[in-house]
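A short worksheet on the structure shown next.
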Amino acid sequence: MYQKSKQVHQTGLFAQVRDGTQVVLLSLHFLFNPDMKEVRVRFAPSPTGPLHIGGVRTALYNYLFARKHNGKFLLRIEDTDQARFVPGAEDYIIESLKWSGIHFDEGVHIGGPFAPYRQSDRKEMYHQYALQLLNSGTAYYAFDTPDELEALRKDFESRKETFQYGPQTRMDLRNALTLSESDVEALLESGEHYVIRVKIPEHETIVVHDLIRGVVSVNSHLLDDKVLYKSDGMPTYHLANVVDDYLMKISHVIRGEEWLPSAPLHVLLYRYLGWEADMPEFAHLPLLLKPEGNGKLSKRDGDRLGFPVFPLQWTDPKTGDLSSGYRESGYLPEAFINMLALLGWNPGTEQEILSMDELIELFSIDRVGKSGSKFDPEKAKWFNHYYLSALPDEKIAELLGKILKDKGIDAEKGLILSVCPLIKDRANLIPDLWEQSWFFFTQPGSYDEKAVQKFWKPDSPALLKQIAGLLESREDFTVDALDNAIKGFIHDNGLGMGQVMNTLRLVLVGGSFGPGVAAIISVLGKKETLNRIEKAIRNLGA
RNA sequence: GGUCCGUUCGUCUAACGGUUAGGACGCCAGGUUUUCAUCCUGGUAAUAGGGGUUCGAUUCCCCUACGGACUACCA
Numbered sequence: 028m029y030q031k032s033k034q035v036h037q038t039g040l041f042a043q044v045r046d047g048t049q050v051v052l053l054s055l056h057f058l059f060n061p062d063m064k065e066v067r068v069r070f071a072p073s074p075t076g077p078l079h080i081g082g083v084r085t086a087l088y089n090y091l092f093a094r095k096h097n098g099k100f101l102l103r104i105e106d107t108d109q110a111r112f113v114p115g116a117e118d119y120i121i122e123s124l125k126w127s128g129i130h131f132d133e134g135v136h137i138g139g140p141f142a143p144y145r146q147s148d149r150k151e152m153y154h155q156y157a158l159q160l161l162n163s164g165t166a167y168y169a170f171d172t173p174d175e176l177e178a179l180r181k182d183f184e185s186r187k188e189t190f191q192y193g194p195q196t197r198m199d200l201r202n203a204l205t206l207s208e209s210d211v212e213a214l215l216e217s218g219e220h221y222v223i224r225v226k227i228p229e230h231e232t233i234v235v236h237d238l239i240r241g242v243v244s245v246n247s248h249l250l251d252d253k254v255l256y257k258s259d260g261m262p263t264y265h266l267a268n269v270v271d272d273y274l275m276k277i278s279h280v281i282r283g284e285e286w287l288p289s290a291p292l293h294v295l296l297y298r299y300l301g302w303e304a305d306m307p308e309f310a311h312l313p314l315l316l317k318p319e320g321n322g323k324l325s326k327r328d329g330d331r332l333g334f335p336v337f338p339l340q341w342t343d344p345k346t347g348d349l350s351s352g353y354r355e356s357g358y359l360p361e362a363f364i365n366m367l368a369l370l371g372w373n374p375g376t377e378q379e380i381l382s383m384d385e386l387i388e389l390f391s392i393d394r395v396g397k398s399g400s401k402f403d404p405e406k407a408k409w410f411n412h413y414y415l416s417a418l419p420d421e422k423i424a425e426l427l428g429k430i431l432k433d434k435g436i437d438a439e440k441g442l443i444l445s446v447c448p449l450i451k452d453r454a455n456l457i458p459d460l461w462e463q464s465w466f467f468f469t470q471p472g473s474y475d476e477k478a479v480q481k482f483w484k485p486d487s488p489a490l491l492k493q494i495a496g497l498l499e500s501r502e503d504f505t506v507d508a509l510d511n512a513i514k515g516f517i518h519d520n521g522l523g524m525g526q527v528m529n530t531l532r533l534v535l536v537g538g539s540f541g542p543g544v545a546a547i548i549s550v551l552g553k554k555e556t557l558n559r560i561e562k563a564i565r566n567l568g569a
């Protein structure tokens with residue numbers, strides 16, 4: 028019955044798109060549908076550590092979707108697990124997204140009409156909904172201790188079975204379903220630890236509509252009686268998530284695929300709470316996978332494979348371990364975002380370079396792929412190279428200027444600016460700017476052995492003296508003029524182009540690398556060039 | 001193990017029943033060049049396997065294989 032198409036998802040219409048005409052009609056319906064809810068989406072990380080790039084991508088897709096539909100995007104912190112709380116993680120998440128250019132309309136850091144946006148600050152709100160479920164008989168108290176359950180699991184495992192707290196087992200356990208009413212009351216009053224579990228129906232097909240995967244249905248007897256309310260007085264993710272999404276009027280839940288298996292439970296909770304009519308639409312994003320081997324991308328992959336998995340550098344507060352970040356490694360946020368956006372989504376054209384504005388304009392959930400993407404560090408570098416070389420010289424100068432400052436080098440702005448056009452095509456990451464230009468700011472301390480062997484000949488000093496004389500008498504130090512002068516000299520004296528240029532290059536930069544010789548001389552200027560020639564003759568000798 | 005989700009060049013992906021299966025990264029070759037890069041041109045390389053449905057399947061269905069996620073009083 029159900030036809031997977033964007034129009035169906037967005038309008039709730041059941042229709043089959045067969046030709047262009049119908050697509051247009053449906054689109055018009057979409058535009059003028061008065062029942063269309065305001066788009067409100069959220070990014071809801073838990074502060075258990077640094078956000079990795081998969082998380083950033085989830086936030087990005089939410090952001091793009093919100094902007095595209097003139098909706099709202101909010102940041103909610105899901106910190107219902109006190110044991111896993113990591114100090115600094117929340118700030119890290121906020122700073123990471125800010126650096127990435129992903130901005131919120133509401134959230135824990137900026138407030139908003141549905142504040143508070145941190146679940147630990149909303150603790151009291153969840154209890155009443157747990158009670159509501161209790162009263163309607165769709166949830167029940169359970170008194171089994173963690174140890175008892177652990178023992179049961181082990182026991183089942185030894186028989187090669189899996190223990191599930193659910194329809195098959197709950198009547199054998201210590202809960203409000205098996206205990207008498209007075210016993211339950213007594214236990215509650217005695218302060219006995221308890222949890223509240225959802226009472227999963229025995230045989231019911233639960234259907235989840237997913238914007239990316241279509242219809243996903245599962246039989247409820249495979250679900251278990253998940254804990255909704257923990258003995259520490261905190262809700263679990265499942266309850267808190269559903270309650271908050273409802274209260275915050277979330278229209279679309281766009282989250283990682285790891286949530287797909289529990290989506291039926293969430294649908295059930297919306298139903299039991301009487302909110303099914305306002306249930307958000309779901310879109311479960313495919314995961315980001317390791318570049319090599321199998322499995323989803325994890326923290327350790329980055330350092331093992333030599334690329335960052337985090338947007339920003341992170342120091343573990345407990346172990347002191349440092350994990351590298353895209354920002355500190357020298358990526359531009361625009362390149363980082365462009366690269367991430369294309370991991371699991373594409374605009375349907377062959378355009379690959381996309382600004383945030385273009386991404387917003389072009390983004391659409393139904394162009395999100397179904398399968399996981401292996402992350403490719405090489406392509407990330409390529410994106411950065413592209414963005415770096417497209418930057419105006421003034422921007423490059425700012426980046427290089429900062430590096431110089433950090434190194435304690437006090438260079439004139441004019442010098443920095445004249446270096447930029449020579450190096451920006453040669454860098455992949457920001458630190459490469461220095462690798463490609465250091466010799467403009469400091470004299471080579473040594474000469475590359477291979478280059479010396481190849482280009483330093485007995486007659487080199489004499490040759491260089493001649494060139495020095497030539498330069499000494501010149502006023503015009505523009506690149507073209509220098510180029511003509513040197514080439515003329517080579518030609519007039521019947522010399523080899525490579526031999527002369529490379530020798531010159533050797534004495535100027537200390538090896539076989541760098542931009543054109545004339546360009547180097549032009550930037551260094553007469554005094555410094557002559558100085559380096561003299562120094563080389565002195566050091567390398569005859 | 002069970003459940004769910006997935007499977008097009010090495011990688012990211014396009015092709016919504018009819019294409020010489022397209023693009024990008026990488027790699028290789030050639031060109032430009034005074035070096036190293038950049039850049040330009042070209043090349044390499046894919047529909048997991050098997051059954052259906054159909055005049056025709058990358059595309060729809062089934063099975064197998066493989067991969068992934070989930071299976072906590074974690075999110």
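FYI, our numbering numbers position 93 of the first sequence as 120, with every residue one higher than the one before it.
For glycine and all other residues, C-beta sits at the position ideal for the given N, C-alpha and C.
Note that this is a predicted model, so its numbers are computed, not measured.
Spatially closest choice to residue i from the options, by CA coordinates
| i | options | result |
| --- | --- | --- |
| ARG327 | ALA304, SER351, PRO307, ALA310 | SER351 |
| ALA267 | ILE277, LYS276, LEU255 | LEU255 |
| LYS257 | PRO288, GLU105, HIS220 | HIS220 |
| TRP372 | VAL395, ARG354, HIS279 | VAL395 |
| ILE120 | PHE92, PRO313, THR85, PRO307 | THR85 |
| LYS317 | GLY333, GLU188, GLU308 | GLY333 |
| SER549 | GLN526, PRO291, ARG501 | ARG501 |
| ASP486 | GLU476, ILE457, ASP459, LEU522 | LEU522 |
| ASP403 | PRO344, LEU418, LEU367 | LEU367 |
Distance between residue j and residue i (C-alpha atoms, nearest Å)
| i | j | result |
| --- | --- | --- |
| HIS79 | ALA110 | 20 Å |
| GLY472 | TRP465 | 11 Å |
| SER400 | GLY515 | 56 Å |
| SER416 | ASP503 | 29 Å |
| MET383 | HIS96 | 15 Å |
| VAL245 | ASP393 | 23 Å |
| MET261 | PRO374 | 42 Å |
| LYS276 | ARG67 | 7 Å |
| GLU229 | ILE223 | 18 Å |
| LEU204 | PRO194 | 11 Å |
| VAL269 | ALA362 | 35 Å |
| LEU567 | ALA489 | 13 Å |
| HIS56 | VAL294 | Low confidence applies to HIS56: its pLDDT is 38, below 50, so where it sits in the model is not reliable, and the reading given next is rough at best. The alpha-carbon atoms of HIS56 and VAL294 are separated by roughly 27 Å. |
| GLY128 | HIS136 | 16 Å |
| LEU215 | LEU176 | 20 Å |
| PHE467 | ASP437 | 12 Å |
| PHE170 | ARG201 | 6 Å |
| ASP118 | TRP341 | 11 Å |
| ALA563 | PHE482 | 13 Å |
| GLY301 | LEU314 | 32 Å |
| GLU212 | ALA166 | 16 Å |
| SER32 | ARG240 | Here the model assigns SER32 a pLDDT of 35, short of 50, so the residue's position is not dependable and the matter cannot be decided. |
| ASN60 | LEU160 | Since pLDDT at ASN60 reaches only 47, below the 50 mark, its modelled position is unreliable, and no value is offered. |
| ALA508 | TRP409 | 35 Å |
| GLY82 | ALA71 | 10 Å |
| GLY428 | GLU303 | 57 Å |
| LEU389 | GLU379 | 12 Å |
Host beta strand (DSSP E) of residue i (start-end)
| i | result |
| --- | --- |
| PHE402 | Note, PHE402: premise wrong, no beta strand (DSSP E); not H, not E. |
| TYR167 | 166 to 169 |
| ARG69 | 67 to 70 |
beta-carbon residue i near the ligand ZN non-hydrogen atom, thresh 8 Å
| i | result |
| --- | --- |
| LEU300 | The model on display carries no ligand, and the ligand ZN is accordingly not part of it. |
Anticipated Cβ contact below 8 Å, residue i with residue j, distance rounded
| i | j | result |
| --- | --- | --- |
| ARG145 | ASP174 | Not confirmed; about 31 Å, so no contact. |
| PHE100 | TYR90 | 5 Å |
| ILE560 | ALA512 | Incorrect: roughly 15 Å between the Cβ atoms, too far for contact. |
| SER278 | LYS440 | Contact doesn't hold; Cβ gap of about 50 Å is too wide. |
| GLU309 | VAL235 | Here residue 309 is Phe; the residue named in the question, Glu, does not match the sequence. Right, the Cβ-Cβ distance comes to about 6 Å (below 8 Å), so this counts as a contact. |
Where the alpha helix (DSSP H) through residue i begins and ends
| i | result |
| --- | --- |
| GLU425 | 420 to 433 |
| ALA310 | First-last for ALA310: 308 to 312, but that is the beta strand (DSSP E), not the alpha helix (DSSP H). |
| ILE223 | Run containing ILE223: none in the alpha helix (DSSP H); it sits in the beta strand (DSSP E), 222 to 225. |
| GLU361 | 360 to 368 |
| GLN463 | Per DSSP, GLN463 belongs to no alpha helix (DSSP H) and is neither H nor E. |
| HIS293 | 290 to 299 |
| PRO441 | The sequence given here has Gly at residue 441, not Pro. That run of the alpha helix (DSSP H) goes 440 to 450. |
| GLY329 | 326 to 332 |
Could you name each continuous alpha helix (DSSP H) segment of 4 residues or more that falls completely within the segment 233 to 287, going from the start of the chain to the end? Qualifying alpha helix (DSSP H) stretches, in chain order: 264 to 274.
Please give me, in chain order, every unbroken run of the beta strand (DSSP E) with length at least 3 that falls completely inside the segment 133 to 208. Correct list: 166 to 169.
Which parts of the segment 86 to 136 are runs of the beta strand (DSSP E), unbroken and 3 residues or longer, counting only runs that do not cross its ends? Those beta strand (DSSP E) runs which fall completely within the segment 86 to 136 and span 3+ residues are 99 to 102.
Entirely within the segment 493 to 565 and at least 4 residues each: give me those alpha helix (DSSP H) ranges in chain order. Qualifying alpha helix (DSSP H) stretches, in chain order: 506 to 519, 524 to 536.
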